[in-house]
Every structure is written in structure tokens, then in C-alpha cells.
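Reviewing the structure listed below.
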Amino acid sequence: MDVTNRFTTTGYDAVVVGAGHAGCEAALALARTGIQTLLLSLNLDSIAFMACNPSVGGTAKGHLVREIDALGGEMGRNADKTALQMRMLNAGKGAAVQSLRSQADKHAYHAQMKRTLENTENLTIRQSEAAEVLVQGGRVCGVRTTYGEEIAARAVVLATGVYLNGAVIAGEFRQSSGPNGFAPATQLTQNLIGLGFSVRRFKTGTPARVDGRTIDYSKCQIQEGDPTVYPFSYLSGDVPQKQTPCYLTYTNERTHAIIRANLHRSPLFSGMIKGTGPRYCPSIEDKVVRFADKERHQIFLEPECADSNEVYVQGMSSSLPHDVQREMYRTVPGLENVRIMRYAYAIEYDCIDTLDVLPTLEYKRVKGLYTAGQINGTSGYEEAAAQGLIAGLNASLQLRSRPPLVLTRDEAYIGVLIDDLVTKGTNEPYRMMTSRAEYRICLRQDNADLRLTQKGYDAGLVTEERYARFLKRKEALARIAEELNGRVPPARCSAFLRAHGFSDPQGGVSYADMLRRGIPAAEIEAEFGILAGESRADKETAVIDVQYEGYLRRSLEQIEKAKKLEERKLPPDIDYEQIGGLRLEARQKLNKIRPENLGQAGRISGVNPADIAVLMVYLATKK
97 MDVTNRFTTT
107 GYDAVVVGAG
117 HAGCEAALAL
127 ARTGIQTLLL
137 SLNLDSIAFM
147 ACNPSVGGTA
157 KGHLVREIDA
167 LGGEMGRNAD
177 KTALQMRMLN
187 AGKGAAVQSL
197 RSQADKHAYH
207 AQMKRTLENT
217 ENLTIRQSEA
227 AEVLVQGGRV
237 CGVRTTYGEE
247 IAARAVVLAT
257 GVYLNGAVIA
267 GEFRQSSGPN
277 GFAPATQLTQ
287 NLIGLGFSVR
297 RFKTGTPARV
307 DGRTIDYSKC
317 QIQEGDPTVY
327 PFSYLSGDVP
337 QKQTPCYLTY
347 TNERTHAIIR
357 ANLHRSPLFS
367 GMIKGTGPRY
377 CPSIEDKVVR
387 FADKERHQIF
397 LEPECADSNE
407 VYVQGMSSSL
417 PHDVQREMYR
427 TVPGLENVRI
437 MRYAYAIEYD
447 CIDTLDVLPT
457 LEYKRVKGLY
467 TAGQINGTSG
477 YEEAAAQGLI
487 AGLNASLQLR
497 SRPPLVLTRD
507 EAYIGVLIDD
517 LVTKGTNEPY
527 RMMTSRAEYR
537 ICLRQDNADL
547 RLTQKGYDAG
557 LVTEERYARF
567 LKRKEALARI
577 AEELNGRVPP
587 ARCSAFLRAH
597 GFSDPQGGVS
607 YADMLRRGIP
617 AAEIEAEFGI
627 LAGESRADKE
637 TAVIDVQYEG
647 YLRRSLEQIE
657 KAKKLEERKL
667 PPDIDYEQIG
677 GLRLEARQKL
687 NKIRPENLGQ
697 AGRISGVNPA
707 DIAVLMVYLA
717 TKK
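Heads up: the sequence shown is residues 97 to 719, going by my numbering.
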């Protein structure tokens, strides 16, 4: 580095490094809570860039977006403003696994988020690369850029995405690069190693983008958006009703034969790719090898934006050479004459071991240094944004001398996500799934505001407008619950119940009783004229609470039992090596992770119930 360029910049309390989905939420959380914040981006044209599928939400991910919104974050509002299509996934299944998904306009999403950042008070955005995190006396004191500028700050959030030593790979080709041809960040990794971070190498990938004018959609199945649009944000009114269709097609044996014949040229199998990839989102060549008995794989054709002909070929992520890709794609029905505009590629990048990170997302060894997003080993815009919000908000709370915000597993999917990262770690790119949440019946997307908006308001991030809407919704839900519990005289409901296969009631029956018997809410409303003037969202939440009352009760009982272990705090200075009765693996894991309580200790891989019993005895002797 040229020392002659060195100069110092002051006036900021916090610096956020990276302006992807994590960095945007972190910067907004800091600035909106009154912290003078600088957001550094390698390229201002890559702010909130959708390097892979231009979509927001999906299974479990939709839950994260609604939680981000409930806490005062921006992703949901931005997605609503830029949606091309919106669909409720798993609509025919239980409420716990239903998730909203939006196909976003890639260009509009970036432009809208950039506009929001530019017009946020207390926030400055700048194109620059961070080369070093500056630390003094175990506390962060700023960052140094590649230009030599030293920016003083009392908090730093690292949200580097897949840019950290990024390398793009396709066939025999390998190039130092970030996604989509953007420049990588090449100087920060060594600094992080010097600060004590354990750095590993992960990999992800993306499919080709093709010219939509060269697709024969008549050979594909149309996938329309939902006719009734359901927004992500509680602040959004009606989102655009015009729905852009997506399409479904399939690979076939010809596709698979081309892939098998060229596996020797695949960097995934040749050994050129060293990083660990996502098990749940494999490349097409990986799918063909792993699922050799499958005759075909689903391929979704999804528009990238309203003002472009580019179409995203979801399900055909690949790192095969370009000539093989061209031949392979043209075997798919509808793509026989397709022109590829951007070839598929794999990308490797550096990330850290999150066992080095606290539940606040603060680094254990450096006060005021936070990490969020793919640097933490996660995959997905939604997981990144959720971490960014929590990291930024906790940095703000620390700077304001206020207690941190740590969401528990029974409070939010965000709590599950972060707890998994800091307690269990991850050996592959982590993504959120509903199966990871043991209390998912309580953590539905429809009740995210009821779980989290008060917390966001208390932390200073939720606006008065949002909070007023929250209080109004609580009043509406109380009013609806009272009406549903109202009893209907037998003379008024007997015929209706008989029509649904039930005998005449002996006494009055409540509308809630009818719901529990499985009678559709819409039919009850139509028959008895109830809930007039109440919003669809409020009625939906109230009805679900009635229908799942028994499950919710049992889940709450489980939560109360688990809380007893969470309340048993573990002193931060315990030397687990000195506790007799603990197995060797448990001692090593406990010393590394330093759990805050017995509940967290019990979720560490390699710590079993017998080890927890030993710790309980140890705590009892220390009273």
C-alpha cells in the first residue's frame, strides 16, 4: 500500500463494509437509529445486486422477510415496490409452512434500494474497498481503504458477500472476480486472519441468462402469479396487480447424457473447485450424478426485469464449459434455439467460522466488530438481510449504551438462523428451512409483527407510523377474537351445521367452534355476516390462531420448558477443562463456543444430555 496516500477521515460512528443485502440493512438500521454511518461499496452499481435469482422470499425465506419488515427493515418494502410476480408457496399446506415468494425486477430492486440509501438521514454511501479493519486495545477503531484512507469509527459491520477473494469458474476457465463481472475484494482476508478469524472457502453458483425472444414458451407450462396479491410489508398497500408469468419445463435424458459425457471437464468433479457448495441447491451436473435414477429435473424460466429480455433459467446452475452449456441448454423443451446472454458459472469466496461470533453477531475477540451475510457462511439474500439488520441494530445499541437484541429460537426464524450459526456452525453454505424451526407453528409469517414489532420499536428502529399500524392491528385481532367466540343460538346454526355433516347442537355454538370443526371461514362469514370490515390479513391470523389452538398450546408448553434451561446462565469465565465428568469433545466445544446458558450449550454438536447434567451440578455447587 502506498503510504503517501494515507489520510484520516472522521465524523462517522460506524462503517459498514459491503452494500449487498446484508450491508444495506445494517447501514439502514444504524442510520435510522441516529448513528452517523458510512457505507462502503466496491461499486455503487452493485448495491443490493441480485447476483443469482432475482427473487425474494420462498420457503422459510418469506418468513425471514416478514420478520425483517416487522423489526423495521427495508427488504420487504423494496420487494413489494419492485415485484413482477408474487405467489404464496405451499398454500395447500398448513399455515406454518406457507411462504410468500416474489419474482423481483432486478434493475428496479437495485435502483430503489440505492435511492432509499441515498435519501436516508445520517447515512453516507461511498465507492471504496476496505483493506483493513483497524483495532486498538481489543476494540475496533475504524477501517483503512485500499487508497490509504483511514476512516475512524467505533463500530464496523463486515458484509462482504461473495466478493471476498471471489473467483469465477467455468470449465477450464478461472478468473479472480466477483459476481456478474464486478471486481472482487482482494485485501481484507489476510487482515481478518491476523485478527484471529478462522477463514474457510465456500462456493455457490448461478445458471445462464438467456434471451427470452428465443424461447418457445408453447412447449412450457405457464406459472401465473396469485390473483390476490399478498405484500411482504405491513406498510405496503396494494402492490402492482400486473403479474408477469413464469414458465416450467424439464431436462431429459439427452440433457443428462451430455452432462455425463463432459464430467471430466466439470471443475466440480475435476478438483478445480475447492470450496464447499450448497447441498440443498446443487448444480445441474451434481443433480445428474447424485440423482442418477431421476429421468428429469424441473427448470423454471423467470424474467430478470421488466425492461430486459433476459430470462433466468432456475434449476440449471452449472460450472461446465461454455460450449457444453450451449449444447446442454438446447436439449430442454422450449430452449432448442435459445441464445445465451450470460453463461452460468461457479464462484468461490472466503468466509469465516461463525463459532467465533457472539449471538449479537459481534466478533468475540474484537469489541465493536460485527459480521453479517455470506461472510458468515450463509447463502441467500434473505438470510443475509436478516443478519445485516441484527448486526447493524446491535452495533447501534452498543453505541447508544443499550442492551443488545438477541432473538431466541421461539421468537423468530432470525433467532433460529443466528443460533444455528453461532452454536452449531456450518460446514456448507447455510440456508433457512422451515424444518430447522422447532416452534414453527408459533413462528408463522402472518404473525411476524405480533412477535417482533414491539422489540423493534423498543430498540428505536420501528417508526411511529409502523408502530401505530401495529397497535391498530392488535386492536383488530382482539375485536375479531371476541366476535369469533360469540355464541350462535341452535335455531340459527342447526341447518348450517347439518349441511356440513354435524348433528344439531345441544346449546349455542361459537364461530370458533365451527372453525375447529373444519368448516371454512369464508362459509361461516357468508352465512352469518360476521367480521364485516375487517382486513383479510387480520382475519387470516385470527382464524389460524383458532384452528391451531391445540398445537399452539402444546408448543407454548414446550417453549416454557426450554426457557428454564435458557435462564440458567453460564459464567463467561468458566474453564471447562477443569470440570470433572465432561467428555473431552464437550470440553473442547464448550471452551470454543462459550455458550451463554444451558439451553445454548445443549444445542452444541458434540455436547450430550449427560454433559448438560454435569454442568447443572457444577452450577449448583457455585451458588
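Ideal placement from N, C-alpha and C gives every residue a C-beta, glycine not left out.
Check, Outcome
"I'd like the span of the alpha helix (DSSP H) that includes Leu465, first residue to last.", "Element bounds for Leu465: not the alpha helix (DSSP H) but the beta strand (DSSP E), Leu465 to Thr467."
"Note the first and the last residue of the continuous beta strand (DSSP E) segment covering Pro399.", "Gln394 to Pro399"
"For Lys157, count neighbouring Cβ atoms within 10 angstroms of its own Cβ and tell me buried if that reaches 16, exposed if not.", "buried"
"Name the residue from Glu458, Ile675 and Gly169 whose alpha carbon lies nearest to the alpha carbon of Val713.", "Ile675"
"Where does the unbroken alpha helix (DSSP H) through Leu493 begin, and where does it stop?", "Tyr477 to Leu495"
"Hey, out of Thr559, Glu246, Val295 and Gly308, whose CA is closest to Thr106's CA?", "Glu246"
"Excluding the 5 residues preceding and the 5 following Ile318 in the sequence, name in chain order all residues of the same chain whose CB lies nearer than 7 Å to its CB.", "Pro341 and Tyr343"
"Going by DSSP in three states, Leu344 sits in which element: helix, strand or coil?", "strand"
"Looking only at its chain, what residues have a beta carbon closer than 8 Å to the beta carbon of Thr530, apart from the 5 residues adjacent to it on each side?", "Thr155, Ala156, His159, Ala192, Val193, Ser195 and Arg536"
"Are the beta-carbon atoms of Gly556 and Thr129 separated by less than 8 Å?", "yes"
"Please classify Ala249 as buried or exposed, where buried requires at least 16 neighbouring CB atoms within 10 angstroms.", "buried"
"State yes or no: is the C-beta of Leu711 within less than 8 Å of the C-beta of Ala697?", "yes"
"Helix, strand or coil for Leu213 per DSSP?", "helix"
"Which whole-angstrom value describes the C-beta separation of Val229 and Ala468, a residue pair presumed to lie in contact below a C-beta threshold of 8 Å?", "With 8 Å as the limit, Val229 and Ala468 do not qualify as a contact, their Cβ atoms being about 14 Å apart."
"Please report the distance separating the alpha-carbon of Lys570 from that of Ser651.", "22 Å"
"Can you tell me where the beta strand (DSSP E) holding Ala266 begins and where it ends?", "Ala263 to Ala266"
"Secondary structure at Ile620, three-state DSSP: helix, strand or coil?", "helix"
"Decide if the stretch 421 to 439 is in contact with the stretch 219 to 235; the criterion is three or more beta carbon pairs, one per stretch, under 8 Å apart.", "no"
"Return the first residue and the last residue of the beta strand (DSSP E) that Cys447 is part of.", "Tyr441 to Ile448"
"Figure out for me which residue from Leu495, Thr522, Val518 and Tyr647 has the closest Cα to the Cα of Tyr728.", "The shown model of the chain, from 97 to 719, leaves out residue 728, and the question about it has no answer."
"Got a sec, what are the start and stop residues for the beta strand (DSSP E) Ala248 sits in?", "Glu245 to Ala248"
"Please report the Cβ distance between Thr345 and Lys315, rounded to the nearest whole angstrom; I am assuming they are in contact, meaning their Cβ atoms lie under 8 Å.", "7 Å"
"Determine the direct distance from the alpha carbon of Pro378 to that of Met412, and round the result to whole angstroms.", "9 Å"
"Three or more C-beta pairs closer than 8 Å, one from the stretch 638 to 653 and one from the stretch 605 to 613: is that the case here?", "yes"
"Cα-Cα, which of Arg575, Phe365 and Lys390 is closest to Arg350?", "Lys390"
"Please classify Arg240: is it buried, with 16 or more other beta-carbons within 10 angstroms of its beta-carbon, or exposed?", "buried"
"With three or more beta-carbon pairs closer than 8 Å as the criterion, would you say the stretch 584 to 604 touches the stretch 658 to 670?", "no"
"Helix, strand or coil for Ser272 per DSSP?", "strand"
"Would you report the Cα separation of Glu681 and Gly702, rounded to the nearest angstrom?", "6 Å"
"Inspect the beta-carbon positions of Thr519 and Glu662 and report whether they are closer than 8 Å.", "no"
"If you draw a straight line from the C-alpha of Ala281 to the C-alpha of Cys148, how long is it?", "19 Å"
"Just the Cα atoms here: how many angstroms apart are Tyr607 and Gly582?", "7 Å"
"Give the secondary structure of Arg197 by DSSP, where H, G and I count as helix, E and B as strand, and everything else as coil.", "strand"
"Got a sec? Which residues, its chain only, sit under 6 Å from Leu493 by beta carbon, not counting five neighbours each side?", "Pro500"
"Report the residue ranges of all alpha helix (DSSP H) runs contained in full by the stretch 614 to 671; include only those spanning at least 4 residues, in chain order.", "617 to 624, 632 to 643 and 645 to 662"
"Check whether the Cβ atoms of Cys447 and Ile486 lie closer than 8 Å to each other.", "no"
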